[in-house]
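**Student:** In the numbering used here, the protein residues as written are 873 to 1319. Backbone N, C-alpha and C fix where the C-beta goes; we use that ideal spot for every residue, glycine too. One structure coming up, written as structure tokens, with questions to follow.
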DNA sequence: TTTTGAGTTGTTCGA
DNA sequence: GTCGAACAACTCAAA
């Protein structure tokens, strides 16, 4: 069983298929093509998740480093496996890699068996009546619901792990990188299931009303666990099906956004890095020394707009940002600083512990007006209003900006209006939102 | 086949 | 303070 982005044993269709075929040797390949660009937070998290997976598979996990097209057939040969099981991967690189691995397995006379995917509905399966893919979310959502999905996968026979000679995991796994966020979520399947259980019972019912509130703990924070497949969306959907209400519908709808973006990437792999709407690349962007300094201020959470800065400090501190705040900081980069969305997307992918190529890049394109079902260009987020609306008491801002902890209440969103002026140590605004909003509208209209 | 109307996570303005 | 319109353009499904 070749584990990739499905680091779990429960509700794992590929693992169930492997178990049904006989003794299973669990394998993970640390692939430099994925490891190198992952950034410190995801590297550290993956190492922790692999240790947890090793525990789940009774200490039998084999970890190898290198090109999967070499390492997977090599292990298959060494233990005389007749099948290699894996789930589907729908990313641009994953497709290419899996094709190469399948080819080398086939040469070696080993069956490559593909079962399941990281999604409830595999990308490419939901199509319009004319056979073309959806480009708007709501119709996709309706068709996705109508399409439906399988029940969680169950083992038909108990798992039996093959005894494979392997060096101790500590000798194979790298030391954790430096430059880590101060806190990372607990890794592994058990942690993911526990998170979901608590969320489902205690917070889900508030999801509809409070999910946009970064000051409250009202989102499930399962993104990182979904990213690494420590829990399958089908597991969540099966639980949701037992419940009724607007909160349940809203949560299911958010899961569908993840599937929608994966579907878009599947149909148009180049959108992982490039504009879905190429004409948007003609937009007039700021470049040069000032733009570089402003990008750095944004990255470090020193723009002078508290809601934006709190988000960027949360990214540094946790490798995670609340979804509402991701929208606000992304809008700020694109519309207030007039920078290319790809700069923001790249930085996010470097720092996020839950960084998912499809969700990250399609969402950035949505904000920039270049994606599917994109925000209209005149939809410019006002960082002060967003703060006042979604962090009314300023608790979220104070949590991440120690310089502003002395300010009471929602006034913290406009530190320049405080009686004593901007508190010591907190920067003045690097741009005037009112001016830059007009400038953004001008540039988008002129495109 | 063509038309029509709803949809898309926001802000600002003026009545 | 509240509310609807305006801010484009385009997809999609129903009529």
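In this structure, how does DSSP classify residue 1021 when only helix, strand and coil are distinguished?
**Tutor:** It is coil, neither helix nor strand.
**Student:** Measure from the alpha carbon of residue 1222 to the alpha carbon of each residue in 1004, 906 and 880, then state which is nearest.
**Tutor:** 906
**Student:** What's the gap between the Cα of residue 1043 and the Cα of residue 1129?
**Tutor:** 39 angstroms
**Student:** With a floor of 4 residues, list each alpha helix (DSSP H) that falls wholly inside the region 1039-1084, ordered by position along the chain.
**Tutor:** 1041-1044, 1061-1074 and 1079-1082
**Student:** Could you check which residue in 933, 1202 and 1157 has the C-alpha nearest to that of residue 1032?
**Tutor:** 933
**Student:** Hey, would you say residue 890 sits closer than 7 angstroms to residue 949, going by beta carbons?
**Tutor:** Contact flag unset, no.
**Student:** Going by alpha carbons, who is nearest to residue 1241 out of 1255, 1214 and 1225?
**Tutor:** 1214
**Student:** For the beta strand (DSSP E) that residue 1246 lies in, which residues bound it at each end?
**Tutor:** Premise fails: residue 1246 is in no beta strand (DSSP E) and is neither H nor E.
**Student:** How many angstroms separate the CA atom of residue 1306 from the CA atom of residue 1278?
**Tutor:** 27 angstroms
**Student:** Determine the direct distance from the alpha carbon of residue 1207 to that of residue 1310, and round the result to whole angstroms.
**Tutor:** 9 angstroms
**Student:** Take residue 1247 and list the residues in its own chain whose beta-carbon comes closer than 7 angstroms to its own, dropping the five residues that flank it on each side.
**Tutor:** 1238, 1239 and 1241
**Student:** Comparing alpha-carbon positions, which option in 1095, 1059, 1049 and 1202 lies nearest residue 908?
**Tutor:** The closest CA to that of residue 908, considering only 1095, 1059, 1049 and 1202, is found on 1049.
**Student:** Under 8 angstroms, with one C-beta from each stretch per pair, do the region 910-922 and the region 959-968 reach the 3-pair mark?
**Tutor:** As far as the Cβ criterion goes, the region 910-922 does not touch the region 959-968, which means the pair count is below three.
**Student:** Could you tell me the boundaries of the alpha helix (DSSP H) in which residue 944 lies?
**Tutor:** 940-950
**Student:** Return the first residue and the last residue of the beta strand (DSSP E) that residue 868 is part of.
**Tutor:** With the chain running from 873 to 1319 in the structure shown, residue 868 is simply not present.
**Student:** Between the region 1171-1182 and the region 1267-1276, do three or more beta carbon pairs fall short of 8 angstroms?
**Tutor:** yes
**Student:** Out of curiosity, what's the CA-to-CA distance linking residue 1083 and residue 1154?
**Tutor:** Using only the alpha carbons, I get a separation of about 35 angstroms.
**Student:** Determine the DSSP secondary structure at residue 1137, reduced to helix, strand or coil.
**Tutor:** The answer is helix: DSSP assigns residue 1137 an H, G or I state.
**Student:** Locate the beta strand (DSSP E) running through residue 985, then write down its first and last residues.
**Tutor:** 983-986
**Student:** From 884, 1183 and 1133, pick the residue whose C-alpha is nearest to that of residue 1262; which is it?
**Tutor:** 1183
**Student:** Among the candidates 1289, 1073 and 1057, whose CA atom is the shortest distance from the CA of residue 1191?
**Tutor:** 1057
**Student:** Can you tell me which residues form a DSSP beta bridge with residue 899?
**Tutor:** 874 and 934
**Student:** Less than 7 angstroms between the C-beta atoms of residue 874 and residue 899, yes or no?
**Tutor:** yes
**Student:** Using the DSSP secondary-structure output, state which residues sit across from residue 1033 in a beta bridge.
**Tutor:** Looking at the DSSP output, residue 1033 shares a beta bridge with 896.
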